[in-house]
Amino acid sequence: QHRHLLELLKRTTVHGESNSALIIGPRGSGKTALLNHVLKDLREMKQVTENLLEFFMKNPFLSGLLQTNDKVALKEITRQLQLENVVGDKVFGSFAENLAFLLEALRKGNRTSSCPILFVLDEFDLFVHHKNQTLLYNLFDISQSAQTPVTVIGLTCRQDILELLEKRVKSRFSHRQIYVMNSFDFKQYIKIFKKQLSLPAEFPDESFAEKWNNNVQHLSEDKTVQDVLQNLFHHAKDLRSLHLLLMLAVSAVTVHHPLLTAADLQEASRQHRTDSKANIVHGLSVLEICLIIAMKHLNDVYDGEPFNFQMVYNEFQKFIQRKAHSMYNFEKPVVMKAFEHLLQLELVKPLERPSVRAQREYLLMKLLLDSSQIMDALQVYPNCPTDVKQWAASSLSWL
Amino acid sequence: MNTRQQSKLIYSWYGKPMSSDRKLRTYQYKGILITSENSRTETCIQLGDFILVEGVNADQPYVAQLVDLYEDGAQHKRAVVQWFCRLEEIPQNKRKLLKREVSAQEVFFDQVLGYDTDIAAETIIKSIMVVPLHLGEELPLITLNKEQTFYVKQSWDGKCFKVLSPDIFSKLKEANKKRGVITNSSKAFIPSDIITPVKKETESVVRSATKPKNVDMGIESKHSASKSSLAKERHSQRVANNDIKTPTARKKLELNSPTRSKGRLLGCEVLGLLDDDCAAIKPLEPSATKRKVKFTSDILGSPPKIPCSNDKSKSTSETAEHWQSDMIRLSPYTKVKDFSEKDKHPYGKDDTLSLVGYQKPSSQSPVLTPRSRRTCAQKTSALIAEQISMLDQEGFLSDSDSSYSSSSEEEEDDDVPCTPEKKTKSSRIFSTPKSSRKPAVHTPAKTLKKTPLPGTPRTPRNATPEIPRRIQAAQEPASVLEEARLRLHVSAIPESLPCREEEFQDIYNFVESKLIDGTGGCMYISGVPGTGKTATVHEVIRCLQQAVENDELPPFQFVEINGMKLTDPHQAYVQILEFLTGQKVTATHAAVLLANLFSTPGPKRKTTVLIVDELDLLWTRKQNVMYNLFDWPTQKHSKLIILAIANTMDLPERIMMNRVASRLGLTRMSFQPYTYKQLQQIILSRLKGVKAFEEDAVQLVSRKVAALSGDARRCLDICRRATEICEFARQKRTPEIVRMAHVTEAIDEMFSSPYVNAIRNASLHEQIFLKAILAEFRRAGVEEATVQQVYHHHVALCRMEGLQSPTVSEIMAICSRLGACRLLLVEASNKYLHLRVRLNLSQDDVMYALREE
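Protein sequence lines correspond, in order, to chains A and B.
1 is the number of the first residue of the first sequence in full-length UniProt numbering; add one for each residue after it.
1 is the number of the first residue of the second sequence in full-length UniProt numbering; add one for each residue after it.
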C-alpha cells in the first residue's frame, strides 16, 4: 500500500500525471499516518525535491468536518493555493466567481509546465454529501483532462463510498482504492505494545531507559498483561485504543513508583472498560434505585413495552405496602422529583418530545438500562437494604 | 453609452434627399440629424463620418464609417456602413498574428465579408474620430477624448492583418479632412469641436453629465466662441464679475491680470512656466515660446487651472487671430508628439526659468511660488468647484448673445452637477505626484481610471488565475510502459475518435447545415458516462473551426458551459454572456441582456454554437433556465445552435415541462455504451506503435468493462493500473509487456468487494457482534434488531467461546465502529440500547466471511 501510494504521488510530481485515489480503512487504521509517511518519503527523494519545494507549500488538506460545504472548501483551496485573489488570508468574491476563478486557474496549466497539486480530502464521505458533488466532479474532471496535474486523494472509513458517488463523478474517478486494514495478529500486537512503551535510544538518562525497557520486556511476557492485551485486542484492533490504555497506565507512574507494573495495566484496563451507565447507577439514592427496579419489573412483565410514571409509582407503592416499611414511604411529589432526576441522567428516555398537553405523569418512557446492568450495579451498591435487593431479584417473591 | 439609455434620441434626415430610386422607393440623404429629446440638442452626422454603432456589448459599441444613408420603402431609416473592428472582436487565437501590443483605441479596417453592412439608422450612437496611421507610427500618447477617437493602422479580413492600402488610407484621411480636420503631418488633428461648433456643443451635452470631461468641453467651446465672435469688453466685464463674486479666485485671476496687461507673449510664457512647474517633470524647451503656448493647452484642459485659462482667453481677445493658430496647435496630439520627441531637460533649468517667470507676478501672488504650488492647489481645490460653476455661469452670460444660446443653457445644466466630482478628481491629481507627471493632464479623470493609483492593493477582480509554474520540467516517459501509461491516460487527446465516426458525422452535419443557413437549432445528445459524448462534440467543434479557417464555413463563436461547473443554474447566463461579450454582470441582468441579444437582429453577430454539458443540472423548479436556452434558437435572428449533453435518454420527457421539451425539438442522438470490440479498438488505437500489451489482455479488459458499463474511462484506468502492476513485477523479472495476470490483478483490485476483506480483518468481538446480529435476525425473522437484543446474543456467544463478556459501553463502541465502516446501518446514537441495527450487506456475505475463520 505504501509503495503503491508512493509511486502514485511520485508520478504526479515527476511526470505531471494526474491521478485520483481513495484510501479506505476503518477508524484508527492509520490512513492519515500512511499518507503522511508517504509524503515524508517523497520529500526526501532527491529527484523530486526541486518540484516539491513549491509542491508541499500548497498542499490543500481539506477535512470534510471543517469544510462543511463546497463554498467553504473552495475558499480554503484558493487560500491554500495562494492564488492571486487572496488578500491577506481572506478570499473574497461570490461562490460562483470563486469556482470560475479556480477552474480557470487550473485550466491554464498543462502537463509539463505547471506545478503539480495534491488535494487531500479527509473525511471524503462528507464531501460526497455536498450539493451536486460539484467540487468532486470538478476535481476529478481536472484529474482526467489535460490541465494542471493534480492528484486527488480521499481518506474515508466507509466501505461503500463508491456507491455514494454520482454516476458522472464515479465515471471520472479512477477507481484506485487503497485499503488499509488492521490485519496483524496478536503477536504483532504485543510487539507494537513493546515498541510503543520502550524509550528511545536518545533518552537522556540512559540507565533509567535501560531499566524501563527491561521492565517493558518483562511486562510483555507477563501472563496477566497478556490477558489484558488479549482482551483489548479482541475488542478493538486499532492502535488508538491501545494508546489510550497505555496512557492511562503510564499516567500512574510517579517518582516513587518509577516502573510500570502489571497491576497498573490491569487497573487501566478496568477503567477503560467500565460501563458508563452502571457507573451512574452507583451514585443514585435508594429511592431512585427502587424506581429503576420498579421499571425493570415493568419491563419484565410487559416485555419491553414503554411505561409512564404512574405505572412506576404504582409498582413502587405495591412494593412499599407489601413490605410495610415506613422508611420508604415517600410522598408522590418526592418520587416524581426522583423520577425526573433519572430522566435528566438519561437513564430513562421519553419516547416522544414532551408536549404541553400531555401530563408528565403519563409520558411514555423507556429504560435505557439492561437488567443485567442493574443487577451488576446492585451488587456493588454500598449499603443496599436487603429487602430492596430481594425485590430486585424477583418481583413475585412477595406474594 | 449611458446617455443613450438616459435620453431618448430622435433620428431625422438632414437636408433634402439627394437622390431617390423610384423603383425601390428609396431616398438617399447626405446626413442624419440625431436629436436628443431631453436636451433638445442636435447632432448632424454626414456621409463619410465615423460613427459608433450600438452592438452586443453596451460598453463596446462598434466603430464604423457611414457610407450611405437612405430611407427604404417602409420608411425605415437605413444606413450602409464600412465596419471597423476592435481588437476584442477579433478571435483570441488570431490576435497573436498581430505580434504587437494594441491599445484599446486602435481599430482595424474590417474587410471581413459576411457582416451585414446595412444597418438601421437608429443604432447609430454618435460620431467619432478615426485617424489613419502608418504601421510604424506610434499612437499619440495622449488623446483628447478617449472614447471619441480611434486609430486605424491595419486592416483585418478575417484571417490576417494587412497594412492599410494607400487607397484606403487616403480615403480615410479625406473623410477626416472633409470634416474640416486640419492635419498636421498626418498626426495632429483638432477635434471637430472647434471647427463645427454645432456638433461640438451637442456632443458635450450628449456625453453624460457625470463625465468630468465635459466641463473642459464647455470651456473649450467658449474659447472657440470667444475666438470667433466675442469682444474684448465683455471679457473684462467678466473679470470684474469674477473678482467680486469669488474672492478666493481673485488670487489666481490677479496672477493673470498683470500678464494680460503686459501683453500676450509674456502672459503665455508665465502660464507655460507655471504649468511646467506643476507638471514638474515635463520637458520643456525654454526658448521656444510657441511650445510653451502649447503647454497652456494643458492648463485649458486641467480643471484646477481653468480660471487661468479662462483669463487667458480674455487676453487673447487682443490678438484673437494669433491665438486661433495657437489654439489649433493646442490639440493634444501635437503636443504630446512634441513631448515624446523632445529630450528631457534638467529640472534645475526649468526651475530657474520659472523663477524668472514668476518675478513678474510674484508681487501680486506670493502664494504661487513653485514650491507651494502644490499645497496651494490642494487648498484651492476645494474652491475650484465653486469657481468653475461660477465661471460657467459667466460664460453662459457672455455666450448668451451668441447664436448658441439654447445649447448653452443645456450646458449649464449639465456642468453644474458634475463639478463636485471634478473637485475630487483634481485634488487627487495633485496629491498623487505620479499622475501629475502623466502627460495626459488634459483628461484627469480618464487617466486616473486607467492607471490604478500606486499603492492601492490589487483588487481581486483583476487577479489572474494561474497556478505557479513548476520549477523542474516534467520528466519525459522513459520506458515503454510509461509511454503506454501516458497514452492511456484519459486526458491524452487522441487524434481521432474511433468507433464514434457515425455520431461524429451526424453532429457535424447538423451544425454545419445550421451554420451555412445562419439559423438556430437544438440537438440533444444522451448516453451513459464515459461514452465519449463530450469528446465527440469537442472534436466536431474542432473540425468546424478548421473548416472556418479554410474558409469553407462562415465564422462562428463557440461557447461551452457545464452544469456541474456552475454553482447555480442561473449562473449559466453569466457564463454565456461572459464568453460572448466579456461582460460580468449579475445573473438576472445577464438573462435580460442575452434575451435581448438573441432576439434582436445584430448587424455583426456571428452564429453562436453553445454546448451545454450536464444539462440535467440546469433544472430548476420553474425550468426558466432551460426554457430560455431552448427558446432562443427558435427566435428568428438568434443564430444560436445548442448542443445539449446529458446522461439520460428520456430526460426531456422525464424532467422537462412540455413547453421546454417541445422547444428542445426532436433532434436527438444517443450514444450507446461501447461494445467490447469498440473498447478494444480504442485501446489499440491509443497504443498504436507501443508494444506494451498482450492482445489477450486488451481483450480481457474490454470484455470485462463492456459487460459492466461500457465506460471507456474505466477501461483506460484499468489498463493504466495494469501497467503499474506490471512495472512492480518487472523489478523481479523483466517482462516488457502487460500480460493477462497483470490485467486480472488490476480488475480484481477495482471490482472486488471490500466488505468481506473488511470483516475478516475486524477484531474478534466485532465478528462476534456480527454473528449475534445474524442470530437475532434468524430468531426474530426481521432484518432489524435493537442493540439490546443483539447484546443478549452477544453475551451468550461469548460464554460459549469462553471469553469475558463485554460491557454495554464496549458493545456500543463496537457497534459505532462497524457503523462507521458502513458494515452496519445504525441510527443516531442517542437511543443507546434501543438503537436499531441493520446489515449493509447480505447475510450470506457475512456468513461466508465469518466461516473462513
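From the three backbone atoms N, C-alpha and C, an ideal C-beta is built for every residue, glycine too.
Legend entry - Start and end residues, alpha helix (DSSP H) containing S207 of chain A: Within the first sequence, the letter at position 207 stands for residue 207 of chain A. Element bounds for S207 of chain A: 206-221.
Inset, instruction - Check each candidate in A:T386, A:V255, A:T261 and name the one with the smallest Cα separation from L246 of chain A. - result: Mapped onto the first sequence, residue 246 of chain A falls at position 246. The shortest C-alpha separation from L246 of chain A is found at A:T261.
Inset, instruction - Return the chain-ordered ranges of every alpha helix (DSSP H) run that is complete within the region 685-755 of chain B and spans a minimum of 4 residues. - result: 695-708, 712-730, 740-751
Inset, instruction - Please check if any C-beta of chain B sits within less than 9 Å of the C-beta of T254 of chain A. - result: The count along the first sequence starts at 1 and reaches residue 254 of chain A at position 254. No, its Cβ sits nowhere closer than 9 Å to a Cβ of chain B.
Legend entry - C-beta contact flag for F319 of chain A and V335 of chain A at 9 Å: Reading the first sequence from its first residue, position 319 is the one you call residue 319 of chain A. Reading the first sequence from its first residue, position 335 is the one you call residue 335 of chain A. Contact: no.
Legend entry - Within chain A, partners of N628 of chain B - CB distance below 8 Å: As a working mapping, residue 628 of chain B is identified with position 628 in the second sequence. The premise fails here: N628 of chain B is roughly 18 Å from chain A at the closest Cβ pair, so nothing lies under 8 Å.
Legend entry - Limits of the unbroken beta strand (DSSP E) element including F119 of chain A: Taking the first sequence and counting its residues from 1, the one referred to as residue 119 of chain A is at position 119. Looking at the DSSP string, the run of the beta strand (DSSP E) that includes F119 of chain A is 117-122.
Legend entry - Local conformation of F184 of chain A per DSSP, three classes: Here residue 184 of chain A refers to the residue found at position 184 of the first sequence. If DSSP states are grouped into helix, strand and coil, F184 of chain A belongs with coil.
Inset, instruction - Determine whether the Cβ of C821 of chain B lies closer than 9 Å to any Cβ atom of chain A. - result: Within the second sequence, the letter at position 821 stands for residue 821 of chain B. Yes, C821 of chain B lies at the interface with chain A (some Cβ there is under 9 Å from its Cβ).
Inset, instruction - Return the CA-CA distance between L708 of chain B and A772 of chain B, expressed in angstroms with no decimal places. - result: Here residue 708 of chain B refers to the residue found at position 708 of the second sequence. Here residue 772 of chain B refers to the residue found at position 772 of the second sequence. Answer to the nearest angstrom: the Cα atoms are 35 Å apart.
Inset, instruction - State the beta-bridge partners of A64 of chain B as determined by DSSP. - result: As a position in the second sequence, residue 64 of chain B is number 64, starting the count at 1. In DSSP, A64 of chain B forms a bridge with B:I51, B:W83.
Inset, instruction - With a threshold of 8 Å, establish whether the CB of V380 of chain A neighbours any heavy atom of the ligand FAD. - result: For the ligand FAD, the structure offers nothing, since it holds no ligand at all.
Inset, instruction - Would you mind sorting K446 of chain B into buried or exposed? The rule is 16 or more other CB atoms within 10 Å of its CB. - result: On the second sequence, position 446 is the one that residue 446 of chain B refers to. Its pLDDT being 34, under 50, K446 of chain B is placed unreliably in this model, and the coordinates cannot settle the point.
Legend entry - Sequence-distant residues of its chain with Cβ nearer than 6 Å to residue 401 of chain A (five each side left out): Residue 401 of chain A lies beyond the range of chain A shown here (1 to 399); nothing can be said about it.
Legend entry - Q557 of chain B: first and last residue of the uninterrupted beta strand (DSSP E) it sits in: Along the second sequence, read from residue 1 onward, the residue named residue 557 of chain B stands at position 557. 556-562 is the span of the beta strand (DSSP E), which, as asked, contains Q557 of chain B.
Inset, instruction - Put Q159 of chain A into one of helix, strand or coil per three-state DSSP. - result: Reading the first sequence from its first residue, position 159 is the one you call residue 159 of chain A. It is coil, neither helix nor strand.
Inset, instruction - For A73 of chain A, count neighbouring Cβ atoms within 10 angstroms of its own Cβ and tell me buried if that reaches 16, exposed if not. - result: Taking the first sequence and counting its residues from 1, one reaches residue 73 of chain A at position 73. Buried: at least 16 other Cβ atoms inside 10 Å.
Legend entry - Local Cβ density within 10 Å of P539 of chain B, reported as buried at 16 or more and exposed below that: Within the second sequence, residue 539 of chain B is the residue found at index 539, counting from 1. One point to set straight first is that residue 539 of chain B is Glu, not Pro, in the sequence displayed. That one is buried.
Inset, instruction - Measure the Cβ-Cβ separation of L716 of chain B and I682 of chain B and say whether it is below 9 Å. - result: If you number the second sequence from 1, residue 716 of chain B lands on position 716. If you number the second sequence from 1, residue 682 of chain B lands on position 682. Against a cut-off of 9 Å, the Cβ pair of I682 of chain B and L716 of chain B comes out as a contact.
Legend entry - Residue environment, M311 of chain A, which counts as buried when at least 16 other CB atoms sit within 10 Å: Counted from its first residue, the first sequence places residue 311 of chain A at position 311. Burial call: buried.
Inset, instruction - Report yes if the C-beta distance between R621 of chain B and L488 of chain B is below 9 Å; otherwise report no. - result: Position 621 of the second sequence holds residue 621 of chain B. Position 488 of the second sequence holds residue 488 of chain B. Not in contact: R621 of chain B and L488 of chain B (Cβ atoms no closer than 9 Å).
Inset, instruction - Kindly give me the distance between the Cβ atoms of I525 of chain B and K514 of chain B, rounded to whole angstroms, as I take these residues to be in contact under 8 Å. - result: Position 525 of the second sequence holds residue 525 of chain B. Position 514 of the second sequence holds residue 514 of chain B. 15 Å between Cβ atoms; not a contact.
Legend entry - Per-residue DSSP class, three states only, for L265 of chain A: Taking the first sequence and counting its residues from 1, one reaches residue 265 of chain A at position 265. In this structure, L265 of chain A counts as helix in the three-state DSSP scheme.
Inset, instruction - Could you tell me whether any Cβ in chain B is nearer than 9 Å to the Cβ of E288 of chain A? - result: Translated into positions along the first sequence, residue 288 of chain A becomes position 288. Judged by the 9 Å Cβ criterion, E288 of chain A is not in contact with chain B.
Legend entry - Any C-beta of chain A under 9 Å from that of S526 of chain B: The residue you call residue 526 of chain B lines up with position 526 of the second sequence. It does not: the Cβ of S526 of chain B has no partner Cβ on chain A nearer than 9 Å.
Legend entry - Near-chain B residues of the region 136-163 of chain A (beta-carbon distance less than 7 Å), N- to C-terminal order: Y137, N138, Q144, S145, A146, T148, C157, R158, Q159, D160
Inset, instruction - Would you identify the three-state DSSP class for S170 of chain B, choosing helix, strand or coil? - result: As a working note, residue 170 of chain B is residue 170 in the second sequence. Of the three classes helix, strand and coil, the one that applies to S170 of chain B here is helix, per DSSP.
Legend entry - Cutoff 6 Å; reference F558 of chain B; Cβ partners in own chain excluding five residues on either side: Position 558 of the second sequence, counted from the first residue, corresponds to residue 558 of chain B. I541, V609.
Inset, instruction - Look up L248 of chain A in the DSSP assignment and say whether it is helix, strand or coil. - result: Residue mapping note: residue 248 of chain A aligns to position 248 of the first sequence, counting from 1. Three-state DSSP puts L248 of chain A in a helix.
Legend entry - Option in B:A712, B:E745, B:D551, B:D711 with minimal Cα separation from E727 of chain B: Within the second sequence, residue 727 of chain B is the residue found at index 727, counting from 1. Closest by alpha carbon: B:E745.
Inset, instruction - Measure from the C-beta of N182 of chain A to each C-beta in chain B and report whether the shortest distance is under 9 Å. - result: Position 182 of the first sequence, counted from the start, is the residue given in the question as residue 182 of chain A. It does: the Cβ of N182 of chain A has a partner Cβ on chain B nearer than 9 Å.
Legend entry - Residues of the region 272-299 of chain A whose Cβ lies closer than 8 Å to any Cβ of chain B, in chain order: R273, T274, D275, S276, K277, A278
Legend entry - Same chain, Cβ closer than 8 Å to H834 of chain B, neighbours up to 5 away in sequence not counted: By 1-based counting over the second sequence, the position of residue 834 of chain B is 834. T786, V787, Q788.
Legend entry - Other residues of its chain near W212 of chain A: CB distance less than 6 Å, five sequence neighbours each side excluded: Position 212 of the first sequence, counting from 1, holds the residue named residue 212 of chain A. Answer for W212 of chain A: L199, listed in chain order.
Legend entry - CB of R703 of chain B within 9 Å of CB of E784 of chain B, strictly: Here residue 703 of chain B is taken as the residue at index 703 of the second sequence, counted from 1. Here residue 784 of chain B is taken as the residue at index 784 of the second sequence, counted from 1. Contact flag unset, no.
Inset, instruction - Please work out which residues of its chain come closer than 8 Å, Cβ to Cβ, to Y381 of chain A, disregarding the five sequence neighbours upstream and downstream, and give them in chain order. - result: For the purposes of this step, residue 381 of chain A is taken as the residue at position 381 of the first sequence. Cβ neighbours of Y381 of chain A beyond the five flanking positions: V281, H282, I289.
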